[in-house]
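Working notes, structure below.
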Amino acid sequence: MKKTAVFLFFTLLSVKQYAQIEKGTYVPSVSINGTYNTSPQSDSVSSSKSSRANLGVTLGFGRFIKDNLLLTGNLSYNHSNSIDDNTKTKIAYSDRGSSSFANTESIGASLLHYTFITENFAIRYGVSCSVNYGESINRQHYYEGSNYNPATGTYMNESLITTSGYSNSLSIQLNLQAGIQYFVSKNLALTGNMGFFSISDSYSPYQQIKKIDAHTLNVSLTPSFNAFSAGLTYYFRPKAVAK
8 MKKTAVFLFF
18 TLLSVKQYAQ
28 IEKGTYVPSV
38 SINGTYNTSP
48 QSDSVSSSKS
58 SRANLGVTLG
68 FGRFIKDNLL
78 LTGNLSYNHS
88 NSIDDNTKTK
98 IAYSDRGSSS
108 FANTESIGAS
118 LLHYTFITEN
128 FAIRYGVSCS
138 VNYGESINRQ
148 HYYEGSNYNP
158 ATGTYMNESL
168 ITTSGYSNSL
178 SIQLNLQAGI
188 QYFVSKNLAL
198 TGNMGFFSIS
208 DSYSPYQQIK
218 KIDAHTLNVS
228 LTPSFNAFSA
238 GLTYYFRPKA
248 VAK
């Protein structure tokens, strides 16, 4: 009897939707994320300082083209840079330093279907595709010398050596996504999203100051837990149904 009741319960959930998001509802979105950290280190042999910074902005706009079917487009930009400098070591090389920065622009679209389990709780799933372009510049410098003098903290015959490199890449990424929605009101919902399958093809036409044709195909079949995100979503429903 107990097994029969459980079976009927899950069967009911699979065939009945308690609520819906109506065709014509639109969902604008904006997200900003940024990180910064620095880590100075020193001991009796060496001293160094590293810093990392990242800033990203995403603008999106979605519209329900059918009841519970959301079509979304988005634009995003991300900038990151890092600096490693002021390193002094009591070995044959001293004063190493490096810096790099990267910019990435992306345009994408997604199609998601909503299935309501209760009046307030829904799961959503679908597919997204994005085209991404990125470029980065890396610079390094260090002094090369010999015959370290501990009294002065310098080397004899020091010479400064610098290197730099540039690379860019164009990639297309396809993702299968899943998420949950809990509506605290008719229009406002708590949102959680996770990508769990992705395929990307990357083309790098220009690397390290010379032409290189390089394709890279990446396939991930495992859950991308590091891609999980949470936030708030506001749904602008048609006036006839917004309450």
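For the sequence shown, this note's numbering gives the first residue as 8, with consecutive numbering after it. Beta carbons are placed, not taken as given, at the ideal position from N, Cα and C, and that holds for glycine. Here the structure is a predicted model, which means the values were calculated and not measured.
Problem set entry | Validate contact between the segment 42 to 49 and the segment 68 to 85 using beta carbons, cut 8 angstroms, 3 pairs | Short answer: they don't touch.
For this session: Give the C-beta separation of N88 and F108 to the nearest angstrom, bearing in mind that I take them to be a contact with Cβ-Cβ under 8 angstroms.
Result: So it is a contact: roughly 4 angstroms between Cβ atoms.
Exercise. What did DSSP end up calling I130 once you bin it into helix, strand or coil?
Worked result: Looking at I130 - three-state DSSP - the assignment turns out to be strand.
Exercise. Under the three-state reduction of DSSP, which class applies to F204: helix, strand or coil?
Worked result: In the three-state DSSP reduction, F204 falls in the strand class (E or B).
Exercise. With a Cβ-Cβ cutoff of 8 angstroms, do T65 and R244 count as a contact?
Worked result: Contact flag unset, no.
Exercise. Beta carbon of N194, beta carbon of Y242: below 8 angstroms?
Worked result: For N194 and Y242, yes; Cβs fall inside 8 angstroms.
Problem set entry | Cβ-based neighbour list, K217, same chain, cut-off 7 angstroms, excluding 5 preceding and 5 following | Residue confidence for K217 is low, a pLDDT of 45 falling below 50, so the modelled location carries little weight; the figure read from the coordinates is stated next. Cβ within range, chain order: n/a, list empty.
Exercise. Do you know how far the Cα of E112 is from the Cα of A196?
Worked result: In this model, A196 and E112 are separated by some 28 angstroms (Cα to Cα).
Exercise. DSSP on A26, reduced to helix/strand/coil?
Worked result: The answer is coil: DSSP assigns A26 none of H, G, I, E or B.
Problem set entry | DSSP three-state assignment for I124, whether helix, strand or coil | Here I124 sits in coil by DSSP.
Problem set entry | Endpoints, beta strand (DSSP E) assigned at Y241 | First-last of the beta strand (DSSP E) with Y241: 236 to 241.
Exercise. What did DSSP end up calling V191 once you bin it into helix, strand or coil?
Worked result: Secondary structure at V191: coil, using DSSP grouped into helix, strand and coil.
Exercise. Cα-Cα, which of L62, D91, Q180, F204 is closest to I114?
Worked result: Checking every option, the nearest Cα to that of I114 belongs to Q180.
Problem set entry | Completely contained beta strand (DSSP E) runs for the segment 34 to 90, where each covers 3 or more residues | Taking only runs of at least 3 residues, the beta strand (DSSP E) segments lying wholly in the segment 34 to 90 are 53 to 73.
Problem set entry | Rounded separation between G202 and T125 - CA only | The alpha-carbon atoms of G202 and T125 are separated by roughly 23 angstroms.
Exercise. Using the C-alpha atoms, what's the distance from D74 back to K30?
Worked result: Their Cα atoms are separated by approximately 5 angstroms.
Problem set entry | 7 angstroms CB neighbourhood of N127 in its chain, flanking five on each side removed | The beta carbon of N127 is closer than 7 angstroms to those of Y189, F190 in its chain, skipping five residues each way along the sequence.
Exercise. Roughly how far, in whole angstroms, is the beta-carbon of Y210 from the beta-carbon of L177, given that I think they are within contact range, below 8 angstroms?
Worked result: Their Cβ separation, rounded to whole angstroms, is 5 angstroms, which keeps Y210 and L177 in contact under 8 angstroms.
Exercise. Exposed or buried, which one is S236 when buried takes at least 16 other CB atoms within 10 Å?
Worked result: Counting the other Cβ atoms within 10 Å of the Cβ of S236 gives fewer than 16, which makes it exposed.
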